[in-house]
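Notes follow once the structure below has been shown.
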Amino acid sequence: MKWLDVQLTEKLQWTEQHFSLRFHAPEFHFKAGQFVRVGLLQADGEVLARPYSLVNPQDSDLLEIYFNIVPEGPLTPQLAALQPGDALKLAPRAAGFLTLDEIPFEQTGCKHLWMLATGTGVGPFLSILQSGEAWRRFEKLVLVYSVRTQQQLAYHNLIEQLTQQHPQQFHFVPAVTREIAPGALTTRITTTLESGELEQRVGLQITPQQSHVMMCGNSAMIRSAFTLLEQRGLKKHLRREPGHISTEKYH
Ligand SMILES: Cc1cc2nc3c(=O)[nH]c(=O)nc-3n(C[C@H](O)[C@H](O)[C@H](O)COP(=O)(O)OP(=O)(O)OC[C@H]3O[C@@H](n4cnc5c(N)ncnc54)[C@H](O)[C@@H]3O)c2cc1C
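Right under this line is the structure:
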């Protein structure tokens, strides 16, 4: 692979384990919701890289990724140790299908977009929510963001700004599972989906007639939520067979 050379512009630290990295990549094209491989040159001359969703709006030259340290993982401790000015490798192209143009609006007529995220899986949804298209396409947009502790609810200023800009159209539902946080659901996404608490809180029902559901993050959450949604008649979306559920599994 021919890697692009970029320099870290800024590092944000949200918790001891959670970071965002920003770097300039002029003329880099991607669609909101996609990911790109980011890497570091190793002592043996090889590039160690992993895929990361882009958090920034798609018309920005300043790319941003959001990640947590996996202590036993080879790349994330190195990414977390970077300082502004340090070199990074970037794959020349973004990839992934968690994008608005993959949603079969014409076939399913969906009006509501539900975005269910665990942890750093919120990243692609923040990029989508910063695109004008999302607000033009959907009557309602719901972001459900599940983390363990309140401190892990990163990007709260951006989410607050979106809430103020779209008070009727946007519903933000934080879920904090390991401590009590004001205004947040206290159990996992799948538990609140199963009990009906999530839809009650938002005031909307998830149905095949009106909803498209995107899920991103932990694969156990995605698998369980998928089963619950299938029981309500929603289907996995495939290009050859339009459906209502799109997913991106991180781990
Ligand atoms: C399409 C795609 C997009 C991704 N986008 C993001 C992103 O935007 N932000 C992000 O933080 N991660 C993202 N990931 C995961 C990321 O690519 C790395 O796997 C992760 O950052 C760990 O890298 P590592 O080299 O330190 O460990 P790895 O060798 O990649 O993983 C070591 C172990 O940790 C598990 N693991 C991976 N990610 C996590 C995690 N977040 N929490 C706990 N365990 C984990 C792996 O399954 C594996 O068992 C994405 C993965 C995929 C497939």
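Counted the way the numbering used here counts, the sequence shown spans residues 1 to 251. Glycine is no exception: its CB is placed at the ideal position from the N, C-alpha and C atoms. Bear in mind that the values here come from a model prediction, so they are computed numbers and not experimental data.
State yes or no: is the C-beta of residue i nearer than 8 Å to some heavy atom of ligand 1?
i: Phe-23; result: no
i: Lys-249; result: yes
i: Ser-53; result: yes
i: Val-70; result: yes
i: Gly-183; result: no
i: Phe-35; result: yes
i: Pro-57; result: no
i: Gly-273; result: Residue numbering for the chain in the displayed model covers 1 to 251; residue 273 lies beyond these limits and cannot be assessed.
i: Tyr-66; result: yes
i: Thr-120; result: yes
i: Thr-99; result: no
i: Leu-153; result: no
Determine the DSSP secondary structure at residue i, reduced to helix, strand or coil.
i: Gln-7; result: strand
i: Arg-148; result: coil
i: Ser-195; result: helix
i: Phe-97; result: coil
i: Ile-65; result: strand
i: Leu-129; result: helix
i: Pro-74; result: coil
i: Gly-123; result: helix
i: Arg-50; result: strand
i: Gln-168; result: coil
i: Glu-106; result: helix
i: Leu-238; result: strand
i: Phe-226; result: helix
i: Val-176; result: strand
i: Val-36; result: strand
Opposite residue i in the DSSP bridges: which residues?
i: Trp-114; result: Val-142 and Val-213
i: Leu-13; result: Reading off the sequence, residue 13 comes out as Gln, not Leu. The partner list for Gln-13 (beta bridge, DSSP) reads Phe-19.
i: Phe-30; result: Paired residues: none, contrary to the question.
i: Glu-248; result: Cys-216
i: Ala-87; result: Gln-7
i: Leu-185; result: Ala-175
i: Leu-41; result: Val-47
i: His-156; result: DSSP, once it has assigned bridges, lists no residue as partnering His-156.
By alpha-carbon positions, which one of the options ends up nearest to residue i?
i: Gly-85; options: Ala-184, Thr-192, Gln-7 and Gly-203; result: Gln-7
i: Glu-64; options: Gly-73, Glu-139 and Thr-120; result: Thr-120
i: Phe-172; options: Thr-163, Glu-197 and Gly-217; result: Thr-163
i: Gln-83; options: Glu-10, Ala-49 and Tyr-52; result: Glu-10
i: Ile-159; options: Val-55, Arg-22 and His-24; result: Val-55
i: Glu-230; options: Ala-184, Glu-194 and Arg-50; result: Glu-194
i: Tyr-155; options: Tyr-66, Ser-60, Leu-62 and Gly-33; result: Tyr-66
i: Thr-207; options: Pro-92, Ser-127, Gln-34 and Lys-111; result: Lys-111
i: Val-38; options: His-18, Thr-190 and Lys-2; result: Lys-2
i: Val-47; options: Ser-224, Glu-102, Leu-4 and Glu-72; result: Leu-4
i: Arg-239; options: Ser-53, Glu-102, Gly-33 and Thr-187; result: Glu-102
i: Val-142; options: Met-215, Arg-22 and Leu-228; result: Met-215
i: Asn-68; options: Ser-224, Arg-137, His-24 and Val-122; result: Val-122
i: Leu-113; options: Pro-182, Arg-137 and Glu-72; result: Arg-137
i: Lys-140; options: Pro-174, His-212 and Gly-73; result: His-212
i: Ala-94; options: Gly-33, Leu-129 and Leu-126; result: Gly-33
message: When you compare the segment 41-58 with the segment 76-90, are there three or more beta-carbon pairs, one atom per stretch, that lie closer than 8 Å?
response: yes
field: Contact between the segment 95-106 and the segment 199-208 (3+ Cβ pairs under 8 Å)
entry: no
field: Three or more C-beta pairs below 8 Å linking the segment 108-119 and the segment 141-154
entry: yes
message: Assess contact between the segment 9-24 and the segment 151-159, defined as three or more Cβ pairs (one per stretch) separated by less than 8 Å. Is contact present?
response: yes
field: Inter-stretch contact (C-beta, 8 Å, three-pair minimum) for the segment 105-114 and the segment 23-40
entry: no
message: Measuring CB atoms only, is the segment 210-222 touching the segment 241-250, in the sense that at least three cross pairs come out at less than 8 Å?
response: Contact between the segment 210-222 and the segment 241-250 is present, because at least three Cβ pairs lie under 8 Å.
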